[in-house]
Ligand SMILES: Nc1ncnc2c1ncn2[C@@H]1O[C@H](COP(=O)(O)OP(=O)(O)OP(=O)(O)O)[C@@H](O)[C@H]1O
Ligand SMILES: [Mg+2]
C-alpha cells in the first residue's frame, strides 16, 4: 500500500507527496515535517504571494475590456466553462434521446420506415477545444517524429550527410511558427483541394506547422546520440563483425534511445507551445482558436477566459512532459540520468 | 624470434620454439599517431612472437603504448608500418578469431547476460541450432560463475559480475587468441583475485593463446608464461622478457610461496623503476 502510494507520487511528478505518505505511515515524523516544509510549504507561500500580487495588481489596470481579471474571476470563468460543457452535453444527450424516441416510434408504426440518424451539431465546448488541440499536437508530433527519426539516424551514422544537412537544420530550426504558417497554408491549400475528407484543412495546416517547429529537437538529439555511441560498443560490434543492419538495430539504436527520447520530449513540448499560435492563425478549432475568438469577442469575461486557457495550456504541457519522462525511464537502461 | 627475446632468455625460448608453433608474429611494428602537434611515434619497430597456447602478460608504464599494441592486434587500430601475422596471415581488420576483453566491461546494458554472450555466439556459429548456441553461452557463463544470473540485465550486475560476462563473451567466441586490456583494472583487489582465478581456470581448459595487459606486477606473474616488459614511450619497444616457468594449474598460494617468486618480482620492479 505504502509502496504503491510512493510509486504513484514519483510517477506523477508529485515528489512532494512522498513525505506525506511517509508521515502517515509514521516514519521519522520530524524529518518528514521538515521535508514537507521544503517541498510543499515554501512553494505554497510563493503561490499565495503570487496570487495576492496578481489580485491587487490586476485592480490597478483598466483595459478596454474592463478591469484586468484577478484570480477569483479566472476561477469563476473556469467553473463557467465547465458548466457550459456540462450543459452542452446534456443538450446533446437530450437531442439523441429525442431522436431515438422518434425513430423508435416510427419503427413501431412501420418496421420498414426510413430511419434518419443525425449528429448533434452544437458549438464545441472548451473541453472539446482541448481535445482538438491534443489531437492536433499529436498529429504534428507524429509527423515530426516520422521525419526526424530516420533523418537523425542517417545523419548520426554518416558524417558526410550530417555535414550536408547541418546548415539547413541550423537555419530552419529557429524559425517561428508564425513564419511557417502562411507558407504551409498556401501549399496545403494548393495540394489538398478536397475539403470534404475526414481531415479538416485547418487541422492539417496547424499539425504541419507544429511538426515544422518541433522536429528539430528530435532530429538533432537522434543524430547526436547515434554519432556518439560509446566507442567500446562500436568496437565490440567490429570484433563480432556484425552486419550494418544488426549493428544499427541491436546496438546503435538501443544505445541511443535515451537521447532520442530526450529529443522527443523537447519536441512535444515545443509542439504544444507553438500549437496555440498555429491554431490561432489557422483558425483550427482548438485552444488557439478559443483564445482568438475570445479576444475578438471582447466581452467583459474574455480576459478571464483567456487566462483560463493560459493555465490549461500550462498544466497540459506539464502532464505531457511527465508522460514523456516516464516513457523515457521505461526505455532507458541507465535510470539515474533522467531528471 | 625477436633478437631481444633470444638475448634475454635464450634457453627457454629456444625450447619453446622447438615445442610449439608461433601463433602471433609481430614484425617491426610501428605506430604513428598524427596529432595537432605533429607526428607522435608510439611504437617503433616492435618485435614479439607469441606461441600457440601461451599466456603472456604485458606490463609497462602508463602511456607507453600497451593498449595501442593490443588494439592493433585486435584490428581496431590501423598499423602504420610493419605487420602482425596471425597463423601466418596478416591482420587487416577486427574479427571474432580475436576475442577482446576491454578494461570497462562494455556489455550492452539493455541486454541480459545471456543475450550479451549470445550476440557473439550467433555471429560465430550461424549454422548451429538455437539450442546449441544457448548451450554454449550457458556453459561459459556457468564457468565464470554466473550460472544463476543468465537473465539478469547487464546493467543490474556488479562491475565484477559484468567483467565475468565479458570474459565469458570472449571465450564463447572460441577465438584463436584472447586479448585482455587491463581486464581487472577497475575492480577491487578481492574481486580482482577471484577473477584472475576464473580467467586462468577457463583458459586452462580451453588451451587458447592469451595476451593480457596489466599494471600489476603480481598479476602479471600469476597469469603468464612470459611477462613482456615494454620500454617507456615514445618509440616504445619490447625492453625485456621474463619467463615464468611455474607449473600449471597454479594457485595463488603456490605462486607466492615459490622460491623464485621474489626473484621474478624483483626483476619486474627493477625494470619498471628504470
Ligand atoms: N588516438 C590517438 N591519437 C593520438 N595519440 C594517441 C591516441 N591514442 C593513444 N595516444 C597516445 O599514445 C600513447 C600510448 O597510448 P596507449 O593508450 O596505448 O597507452 P597505454 O600503455 O595503454 O597506457 P595506459 O597504461 O595508461 O592504458 C599515449 O601517449 C597516448 O596519449
Ligand atoms: Mg591502456
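Chains as they are written, first to last, in this note's numbering: chain A, 1 to 339; chain B, 340 to 613.
Ideal Cβ placement from N, Cα and C applies to all residues, glycine included.
The structure presented is a predicted model; accordingly, all values stated were derived computationally and were not measured.
List the residues of chain B that residue i touches, going by C-beta distances under 9 angstroms, in chain order.
| i | result |
| --- | --- |
| residue 235 of chain A | 410, 413, 415, 433, 439, 441, 445 |
| residue 250 of chain A | 447, 450, 458 |
| residue 99 of chain A | Result: empty, since nearest Cβ-Cβ is about 55 angstroms, beyond 9 angstroms. |
| residue 167 of chain A | What residue 167 of chain A touches in chain B: nothing, since even the nearest Cβ is about 26 angstroms away. |
Which of helix, strand or coil does DSSP assign to residue i?
| i | result |
| --- | --- |
| residue 502 of chain B | helix |
| residue 337 of chain A | With a pLDDT of 49 at residue 337 of chain A, under the threshold of 50, the predicted position of this residue should be treated as unreliable, though the coordinate-derived value follows. Looking at residue 337 of chain A - three-state DSSP - the assignment turns out to be helix. |
| residue 59 of chain A | helix |
| residue 367 of chain B | strand |
| residue 31 of chain A | helix |
| residue 277 of chain A | helix |
| residue 384 of chain B | strand |
| residue 451 of chain B | strand |
| residue 459 of chain B | helix |
| residue 288 of chain A | helix |
| residue 201 of chain A | helix |
| residue 245 of chain A | helix |
| residue 549 of chain B | strand |
| residue 492 of chain B | strand |
| residue 67 of chain A | strand |
| residue 332 of chain A | coil |
| residue 355 of chain B | Only weak support is given to the placement of residue 355 of chain B: the predicted model assigns it a pLDDT of 48, under 50, and the value that follows is read from those uncertain coordinates. Helix, per DSSP. |
| residue 574 of chain B | coil |
| residue 164 of chain A | helix |
Could you check the C-alpha separation between residue i and residue j for me, to the nearest Å?
| i | j | result |
| --- | --- | --- |
| residue 595 of chain B | residue 235 of chain A | 36 angstroms |
| residue 80 of chain A | residue 166 of chain A | 50 angstroms |
| residue 310 of chain A | residue 30 of chain A | 38 angstroms |
| residue 480 of chain B | residue 507 of chain B | 6 angstroms |
| residue 347 of chain B | residue 611 of chain B | Residue placement at residue 347 of chain B is poorly supported in this model, since its pLDDT is 46, which falls under 50; the coordinates still yield a value, given next. So the two alpha carbons sit approximately 16 angstroms from each other. |
| residue 525 of chain B | residue 496 of chain B | 14 angstroms |
| residue 6 of chain A | residue 549 of chain B | 51 angstroms |
| residue 432 of chain B | residue 470 of chain B | 30 angstroms |
| residue 436 of chain B | residue 320 of chain A | 49 angstroms |
| residue 403 of chain B | residue 268 of chain A | 50 angstroms |
| residue 459 of chain B | residue 472 of chain B | 10 angstroms |
| residue 593 of chain B | residue 551 of chain B | 21 angstroms |
| residue 343 of chain A | residue 294 of chain A | Any property of residue 343 of chain A remains undetermined from this structure, which presents chain A solely from 1 to 339. |
| residue 42 of chain A | residue 249 of chain A | 47 angstroms |
| residue 120 of chain A | residue 33 of chain A | 53 angstroms |
| residue 164 of chain A | residue 151 of chain A | 12 angstroms |
| residue 576 of chain B | residue 216 of chain A | 51 angstroms |
| residue 425 of chain B | residue 512 of chain B | 17 angstroms |
| residue 456 of chain B | residue 578 of chain B | 37 angstroms |
| residue 322 of chain A | residue 179 of chain A | 30 angstroms |
| residue 392 of chain B | residue 586 of chain B | 15 angstroms |
| residue 302 of chain A | residue 82 of chain A | 15 angstroms |
| residue 349 of chain B | residue 573 of chain B | Here residue 349 of chain B scores only 46 on pLDDT, less than 50, and its place in the model should not be relied on; the value that follows carries that caveat. Distance between the alpha carbons of residue 349 of chain B and residue 573 of chain B: 27 angstroms. |
| residue 212 of chain A | residue 91 of chain A | 39 angstroms |
| residue 181 of chain A | residue 145 of chain A | 19 angstroms |
| residue 546 of chain B | residue 14 of chain A | 58 angstroms |
| residue 382 of chain B | residue 389 of chain B | 18 angstroms |
| residue 331 of chain A | residue 9 of chain A | 20 angstroms |
| residue 102 of chain A | residue 110 of chain A | 12 angstroms |
| residue 26 of chain A | residue 17 of chain A | 14 angstroms |
| residue 609 of chain B | residue 555 of chain B | 14 angstroms |
| residue 264 of chain A | residue 133 of chain A | 18 angstroms |
Looking at the strands, I want to know which residues DSSP matches up with residue i.
| i | result |
| --- | --- |
| residue 438 of chain B | B/517 |
| residue 568 of chain B | B/398, B/579 |
| residue 361 of chain B | B/390 |
| residue 424 of chain B | B/364, B/429 |
| residue 378 of chain B | B/373 |
| residue 99 of chain A | Answer by DSSP bridge pairing: none, since residue 99 of chain A is not bridged. |
| residue 407 of chain B | Note: residue 407 of chain B sits in no beta bridge, so no partner. |
How would you list, in chain order, the residues of chain B whose beta-carbon sits under 7 angstroms from the beta-carbon of residue i?
| i | result |
| --- | --- |
| residue 333 of chain A | 448, 449, 494 |
| residue 232 of chain A | 441, 443, 445 |
Under 8 angstroms Cβ-Cβ, which residues of chain A neighbour residue i?
| i | result |
| --- | --- |
| residue 310 of chain B | Within the shown structure, residues of chain B are numbered from 340 to 613, placing residue 310 of chain B beyond reach of any answer. |
What does residue i reach in chain A if we use C-beta pairs closer than 7 angstroms?
| i | result |
| --- | --- |
| residue 462 of chain B | 240, 241, 242 |
Can you tell me whether residue i sits near ligand 4, meaning its C-beta is under 7 angstroms from at least one heavy atom of the ligand?
| i | result |
| --- | --- |
| residue 405 of chain B | As for ligand 4, it is missing from this structure, which binds only ligand 1 and ligand 2. |
Stretch-stretch touch, CB-based, cutoff 8 angstroms, three pairs: the segment 445-461 of chain B with the segment 475-489 of chain B: With the cut-off at 8 angstroms, the segment 445-461 of chain B and the segment 475-489 of chain B touch.
Between the segment 86-105 of chain A and the segment 62-72 of chain A, do three or more beta carbon pairs fall short of 8 angstroms? No, the segment 86-105 of chain A is not in contact with the segment 62-72 of chain A.
Are three or more beta carbon pairs between the segment 221-234 of chain A and the segment 140-156 of chain A nearer than 8 angstroms? Touching, yes, given that three or more Cβ pairs across the two stretches are closer than 8 angstroms.
Should the segment 400-416 of chain B be called in touch with the segment 558-577 of chain B, which here means at least 3 C-beta pairs below 8 angstroms? As far as the Cβ criterion goes, the segment 400-416 of chain B touches the segment 558-577 of chain B, which means the pair count is three or higher.
Segment contact, 8 angstroms Cβ cut-off, at least three pairs: the segment 299-315 of chain A with the segment 283-290 of chain A: The segment 299-315 of chain A, when compared against the segment 283-290 of chain A, does touch it at the 8 angstroms Cβ threshold.
Three or more C-beta pairs below 8 angstroms linking the segment 530-545 of chain B and the segment 412-426 of chain B: Contact between the segment 530-545 of chain B and the segment 412-426 of chain B is absent, because fewer than three Cβ pairs lie under 8 angstroms.
Contact between the segment 484-493 of chain B and the segment 258-275 of chain A: three or more CB pairs below 8 angstroms? No contact exists between the segment 484-493 of chain B and the segment 258-275 of chain A.
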